[in-house]
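Following: one structure in structure tokens, then a few remarks.
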Amino acid sequence: MKKVLLFSLIIGFALSTIAQNGMVSKKNQKRVQESQEVAVERTAPVPMPELKQGDAVNEDMTRIMVGMAGHERGIRREEAHVVSYNYELDVITVTTILDPATYENVDELGIAGMWYSADKGQTWNGPVITNDNLDQGPNYYLSGAIFNPDGNTTVDNMFGVYQGVVYPTTGDWRFKAYGSSSLGGDYLTNYLFEETEYDGYWNIFGLNQYGNDMRALHLKVVGPWSSFTNMQLQFVTGEFTGEEFDWDFSNMIEADFYIGADGIIEWTGMYVGMDSGAEIAWSDDGQIGYCWVVGVSNEDATGYQPFVYKTEDAGESWEYIYLDFFDSDMQDILEPYVIESSSGLMIPHVMESAGVVDVQGDLQMMVAMGGSSADVISYPDSIGWSWTYPGDMFNIVVDEDGIKELMWVDSLRTQNVPQDDPGAYCGTEGWQHRISAAKNESETQVFFTWLDTRDMNETINLKPDLFGWSRTTGIDKMPSTICLSEGTDLEEEFYFNTGSDKAYYNMDEGTYIIPYVQGVTTLEFLINTSTSADPITLSYVTGVEFPDLITGIKEFKSANGINVSQNMPNPFTGFTTIEVITETAAAVTVEVSNIMGQSIYTIDAGIINGTQVIELSAKDLDAGIYLYTVSVGSESVTKKMIVE
Numbered sequence: 019m020k021k022v023l024l025f026s027l028i029i030g031f032a033l034s035t036i037a038q039n040g041m042v043s044k045k046n047q048k049r050v051q052e053s054q055e056v057a058v059e060r061t062a063p064v065p066m067p068e069l070k071q072g073d074a075v076n077e078d079m080t081r082i083m084v085g086m087a088g089h090e091r092g093i094r095r096e097e098a099h100v101v102s103y104n105y106e107l108d109v110i111t112v113t114t115i116l117d118p119a120t121y122e123n124v125d126e127l128g129i130a131g132m133w134y135s136a137d138k139g140q141t142w143n144g145p146v147i148t149n150d151n152l153d154q155g156p157n158y159y160l161s162g163a164i165f166n167p168d169g170n171t172t173v174d175n176m177f178g179v180y181q182g183v184v185y186p187t188t189g190d191w192r193f194k195a196y197g198s199s200s201l202g203g204d205y206l207t208n209y210l211f212e213e214t215e216y217d218g219y220w221n222i223f224g225l226n227q228y229g230n231d232m233r234a235l236h237l238k239v240v241g242p243w244s245s246f247t248n249m250q251l252q253f254v255t256g257e258f259t260g261e262e263f264d265w266d267f268s269n270m271i272e273a274d275f276y277i278g279a280d281g282i283i284e285w286t287g288m289y290v291g292m293d294s295g296a297e298i299a300w301s302d303d304g305q306i307g308y309c310w311v312v313g314v315s316n317e318d319a320t321g322y323q324p325f326v327y328k329t330e331d332a333g334e335s336w337e338y339i340y341l342d343f344f345d346s347d348m349q350d351i352l353e354p355y356v357i358e359s360s361s362g363l364m365i366p367h368v369m370e371s372a373g374v375v376d377v378q379g380d381l382q383m384m385v386a387m388g389g390s391s392a393d394v395i396s397y398p399d400s401i402g403w404s405w406t407y408p409g410d411m412f413n414i415v416v417d418e419d420g421i422k423e424l425m426w427v428d429s430l431r432t433q434n435v436p437q438d439d440p441g442a443y444c445g446t447e448g449w450q451h452r453i454s455a456a457k458n459e460s461e462t463q464v465f466f467t468w469l470d471t472r473d474m475n476e477t478i479n480l481k482p483d484l485f486g487w488s489r490t491t492g493i494d495k496m497p498s499t500i501c502l503s504e505g506t507d508l509e510e511e512f513y514f515n516t517g518s519d520k521a522y523y524n525m526d527e528g529t530y531i532i533p534y535v536q537g538v539t540t541l542e543f544l545i546n547t548s549t550s551a552d553p554i555t556l557s558y559v560t561g562v563e564f565p566d567l568i569t570g571i572k573e574f575k576s577a578n579g580i581n582v583s584q585n586m587p588n589p590f591t592g593f594t595t596i597e598v599i600t601e602t603a604a605a606v607t608v609e610v611s612n613i614m615g616q617s618i619y620t621i622d623a624g625i626i627n628g629t630q631v632i633e634l635s636a637k638d639l640d641a642g643i644y645l646y647t648v649s650v651g652s653e654s655v656t657k658k659m660i661v662e
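At position 6 of the sequence shown the residue is numbered 24 (my numbering), and the sequence of numbers has no breaks.
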């Protein structure tokens, strides 16, 4: 018997009239062409949920200028990470291709650089150049992240790190580039790696710091452009050596793709230009990681879905995880939302995805999901046929055994903006829903954002607003999604969003804030004619803010100034964690006692200065209810916990 899957029907879901286009089944026939990436059109065929007006009105959402980018391509790719945050020194960074007309130290289009802020995005410094090697062509698509050397306490001694794609002056997309520089401007180092054919094009995934390393993911393709016959997942590490990074590309993950009748791998990145359907995410200690691609696995050739690999040894070895969407519980969950195929089964067709690893070592994913139309079980050559409609947002939790939880979150109101739609940026640049994922410092709460248009009469996502939803690793979740940009200056104009994968705690309000950037102003959207030559403004967006679902705002503003979360998980076996927040720098102790108040053990947790995560053990505890009392100085808070 499978694990019980969490099925959440959010109150207020109501069906309206059948969408005017009716059901359409379409084979994904468009493939990516060099320098001309395309998106598969989708049209709405099914009853849609009633639109909830006034989901949120955030008057605090404002734009603060970060800097001028040379063009839009630096923020075009939906899975690329260009906004980074460091908890230790409270620094936010933004990486892009710099505008040579704006900055004296940038003499050519294609140079990559980083801005940084040490005051929560209110003011910005830089740009610091992180890669200026244009020998084989300009830097183009990219990711960027901040690196803080062990023991460093100075912002100038942090490093900006670049990962990207070189647009080749001649030949194929065969170069992948890396670069780094201290924020003080010293130690600029460029790295350019040449392999064969199109090896460099997908060098943009997952760049982030774990210990003394930067880690990333690259996709190595085999075969001619748009007709790839195989692909490997290349786990990339860059070891910090004091002034630069030593990059290692030797760790390969053999992705077992299903090969279609035409001899070409079934991978969503072959058809969509904005989201390549690939990502990598890690626990904060860097030991547990997941990487995935959206496509068709040979081990389960049942449609376009994430096939996932997990490591528990910091990337030394990876194991395939089977996601069973045909379990009877799963089918019951999918039935109200996913149109059944000709076989009568609900076969998910995943279009977009994002995810983070939580405190329990599970992968928390948000996916945009539609339905496959063909019976791919009986007729595997029909893989790729799907119903064309906006789809639904699902939260999927994955562990080493497969799908641990599944939760419907919301229905998408509109479809992707096609590349050639008259309302696309510059008339040639469409977009999908640009899903982004983040987590808090203790990894106990996760956050998801995406773009959608509230007015379903638009049918496609031409008036994008920023939507969001959050949950804890336990049972707490937001009861419904919220529209963060409604009622703000960014309403219906939230173009090309990108956020950090880390959220920080706002102690004044008891909320979590995600460092967030929006590209292309309304004026630039109207007047620009080139996606690769016209400069754009990158703006830091305040107010991408979520409630604290663990402690809650009322508890956070408690009279004694100590704020203690409920232990997670609860009930538990083995270990559980709590989060303590206080503005008082003092010694912390945690006493565990039975329900009669008899002390069992005490932990001296050291000195707290802001936020601290503490682990409690169930060793020598029988099943039952216990109390844990957290003391900071002369103040204390007591809560219950359950041991199974």
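Even for Gly, the Cβ is constructed at its ideal location relative to N, Cα and C.
(request) Give the DSSP-derived three-state secondary structure of Asp428 in the structure shown. (result) Working through the sequence shown from its first residue, we reach residue 428 at position 410. Asp428: strand per DSSP, three-state reduction.
(request) Count the other C-beta atoms from every protein chain shown that fall within 10 angstroms of the C-beta of Tyr205, then say buried if there are 16 or more, exposed otherwise. (result) By one-based count along the sequence shown, residue 205 stands at place 187. With fewer than 16 other Cβ atoms within 10 Å, it is exposed.
(request) For Lys422, count neighbouring Cβ atoms within 10 angstroms of its own Cβ and tell me buried if that reaches 16, exposed if not. (result) Numbered from its first residue, the sequence shown carries residue 422 at position 404. Its Cβ being crowded by 16 or more others within 10 Å, Lys422 is buried.
(message) Output needed for Leu225: all residues of its chain with C-beta closer than 6 Å, excluding positions within five of it in sequence on either side, in chain order.
(response) What you label residue 225 is simply residue 207 of the sequence shown in a count that begins at 1. These residues qualify, in order along the chain: His99, Ser161, Ala163, Gln181 and Ala234.
(request) Would you identify the three-state DSSP class for Asp664, choosing helix, strand or coil? (result) Nothing can be reported for residue 664, as the shown portion of the chain is limited to 19 through 662.
(message) For Asp663 and Met586, what's the separation of their Cα atoms in angstroms?
(response) Residue 663 is absent from the structure shown; the chain starts at 19 and stops at 662.
(message) Going residue by residue through the segment 107-145, where are the continuous beta strand (DSSP E) segments of at least 3 residues, counting only ones entirely within it?
(response) 109-115 and 130-135
(request) Note the first and the last residue of the continuous beta strand (DSSP E) segment covering Ser315. (result) Reading the sequence shown from its first residue, position 297 is the one you call residue 315. Start and end: Gly307 to Ser315.
(request) With DSSP as the reference, please indicate the residues paired to Lys194 in a beta bridge. (result) Within the sequence shown, the letter at position 176 stands for residue 194. Note: Lys194 sits in a beta bridge opposite Val183 and Phe211.
(message) Considering Cα atoms alone, identify which of Glu96, Thr120 and Asp137 is closest to Thr111.
(response) On the sequence shown, residue 111 is found 93 positions in, with the first residue counted as 1. Comparing Cα-Cα distances from Thr111 to each of Glu96, Thr120 and Asp137, the minimum goes to Asp137.
(message) Just to confirm the assignment, what range does the beta strand (DSSP E) spanning Ser611 have?
(response) Along the sequence shown, read from residue 1 onward, the residue named residue 611 stands at position 593. Counting along the chain, the beta strand (DSSP E) containing Ser611 begins and ends at Phe593 to Asn612.
(request) Give me the Cα-Cα distance between Gly139 and Glu261, rounded to the nearest whole angstrom. (result) To locate residue 139, count along the sequence shown from 1; it is residue 121. To locate residue 261, count along the sequence shown from 1; it is residue 243. Cα to Cα, the separation comes out at about 27 Å.
(request) Go through its chain and collect everything with a Cβ distance to Phe343's Cβ below 6 Å, but skip five positions before and after it. (result) Locating residue 343 in the sequence shown gives position 325, where the first residue counts as 1. So the list reads Pro366, once near-sequence residues are dropped.
(message) Tell me whether the segment 461-470 and the segment 107-125 touch, counting them as touching only if at least three CB pairs, one residue from each stretch, are closer than 8 Å.
(response) no
(message) Looking only at its chain, what residues have a beta carbon closer than 7 Å to the beta carbon of Gly203, apart from the 5 residues adjacent to it on each side?
(response) Stepping through the sequence shown from its first residue, residue 203 is reached at position 185. The answer, listed in chain order, is Val146.
(request) Check whether the Cβ atoms of Ala457 and Asp519 sit closer than 8 Å, and answer yes or no. (result) As a first step, residue 457 must be located in the sequence shown, where it is residue number 439. As a first step, residue 519 must be located in the sequence shown, where it is residue number 501. This sequence places Lys at residue 457; Ala is not what is there. Yes, the Cβ-Cβ distance between Lys457 and Asp519 is below 8 Å.
(request) Check Glu459 in the structure and name its three-state DSSP category. (result) Walking along the sequence shown from the start, residue 459 turns up at place 441. Looking at Glu459 - three-state DSSP - the assignment turns out to be coil, as it is neither helix nor strand.
(message) Between the alpha carbons of Val173 and Glu597, how many angstroms are there, rounded?
(response) Translated into positions along the sequence shown, residue 173 becomes position 155. Translated into positions along the sequence shown, residue 597 becomes position 579. Those two C-alpha atoms are separated by around 27 Å.
(message) So, for Asp473: in the same chain, excluding its five sequence neighbours on each side, which residues have a beta-carbon less than 7 Å away from its beta-carbon?
(response) Counting from one through the sequence shown, the residue named residue 473 turns up at place 455. Once the five neighbours on either side are set aside, the close Cβ partners of Asp473 are Lys481.
(message) If you follow the beta strand (DSSP E) that Thr629 is in, where does it begin and where does it stop?
(response) The residue labelled residue 629 in the question sits at position 611 within the sequence shown. Start and end: Ser617 to Ser635.
(message) Distance check for Ile554 and Thr540, CA to CA, integer angstroms please.
(response) Locating residue 540 in the sequence shown gives position 522, counting from the first residue. Locating residue 554 in the sequence shown gives position 536, counting from the first residue. Taking the straight line from one Cα to the other gives about 10 Å.
(request) May I ask you to list the residues that DSSP assigns as paired with Thr467? (result) In the sequence shown, the residue the question calls residue 467 occupies position 449. Paired residues: Ser454 and Gly486.
(message) For Ala296 and Val314, which I take to be in contact (beta-carbon distance under 8 Å), what is that distance rounded to the nearest angstrom?
(response) Here residue 296 refers to the residue found at position 278 of the sequence shown. Here residue 314 refers to the residue found at position 296 of the sequence shown. About 14 Å; that fails the 8 Å criterion.
(message) Do Val650 and Phe590 count as a contact pair if the criterion is CB distance below 8 Å?
(response) Along the sequence shown, one-based indexing puts residue 590 at 572. Along the sequence shown, one-based indexing puts residue 650 at 632. Cβ atoms of Phe590 and Val650: not closer than 8 Å.
(request) Leaving out five residues on either side along the sequence, give the residues of the same chain with a beta carbon under 7 Å from the beta carbon of Met79. (result) In the sequence shown, counting from the first residue as 1, residue 79 sits at position 61. Once the five neighbours on either side are set aside, the close Cβ partners of Met79 are Leu502, Ser503, Thr506, Leu508, Val559, Thr560 and Gly561.
(message) My output table needs one value for Pro366: the three-state DSSP class, helix, strand or coil.
(response) The residue labelled residue 366 in the question sits at position 348 within the sequence shown. Taken through DSSP and simplified to helix, strand or coil, Pro366 comes out as strand.
(message) Need the endpoints of the alpha helix (DSSP H) that Gln349 sits in, please.
(response) Counting from 1 along the sequence shown, the entry for residue 349 is found at position 331. In this chain, the alpha helix (DSSP H) harbouring Gln349 covers Ser346 to Leu352.
(message) By the DSSP assignment, the alpha helix (DSSP H) with Glu542 in it spans what residues?
(response) In the sequence shown, residue 542 corresponds to position 524, counting from 1. For Glu542, the uninterrupted alpha helix (DSSP H) run begins and ends at Thr540 to Ile545, by DSSP.
(message) Please return the same chain residues whose Cβ sits closer than 7 Å to the Cβ of Val377, not counting the five positions on each side in sequence.
(response) In the sequence shown, the residue the question calls residue 377 occupies position 359. Correct list, in chain order: Ser460, Glu461, Thr462, Thr491, Met586 and Thr595.
(request) Compute the beta-carbon to beta-carbon distance between Val269 and Phe253, rounded to the nearest angstrom, for a pair I have assumed lies under 8 Å. (result) In the sequence shown, residue 269 corresponds to position 251, counting from 1. In the sequence shown, residue 253 corresponds to position 235, counting from 1. Here residue 269 turns out to be Asn, not Val, going by the sequence shown. Yes, they are in contact, since the Cβ atoms of Asn269 and Phe253 sit about 4 Å apart, within 8 Å.
(request) Spell out the partners DSSP gives His236 in its beta bridges. (result) Stepping through the sequence shown from its first residue, residue 236 is reached at position 218. For His236, the beta-bridge partners assigned by DSSP are Gln252.
(request) Go ahead and label Ser488 buried or exposed: buried means 16 or more other beta carbons lie within 10 angstroms of its beta carbon, across all protein chains shown. (result) Against the sequence shown, residue 488 aligns to sequence position 470. Looking at its Cβ environment, which holds 16 or more other Cβ atoms inside 10 Å, Ser488 is buried.
(message) Which residue marks the beginning of the beta strand (DSSP E) containing Ser386, and which one marks its end?
(response) Start at 1 with the first residue of the sequence shown, and residue 386 comes out as number 368. Reading the sequence as shown, one finds Ala at residue 386 and not Ser. Where Ala386 is concerned, the enclosing beta strand (DSSP E) stretches over Leu381 to Gly389.
(request) Put Met717 into one of helix, strand or coil per three-state DSSP. (result) Beyond the ends of the chain as shown, which are 19 and 662, falls residue 717; an answer cannot be given.
(request) Output the distance between the C-alpha atoms of Gln536 and Gln437, rounded to the nearest integer angstrom. (result) Against the sequence shown, residue 536 aligns to sequence position 518. Against the sequence shown, residue 437 aligns to sequence position 419. For Gln536 and Gln437, the distance between alpha carbons rounds to 20 Å.
(request) From the DSSP output, in three-state form, read off Asp318 for me. (result) Translated into positions along the sequence shown, residue 318 becomes position 300. Asp318 falls in the strand class under three-state DSSP.
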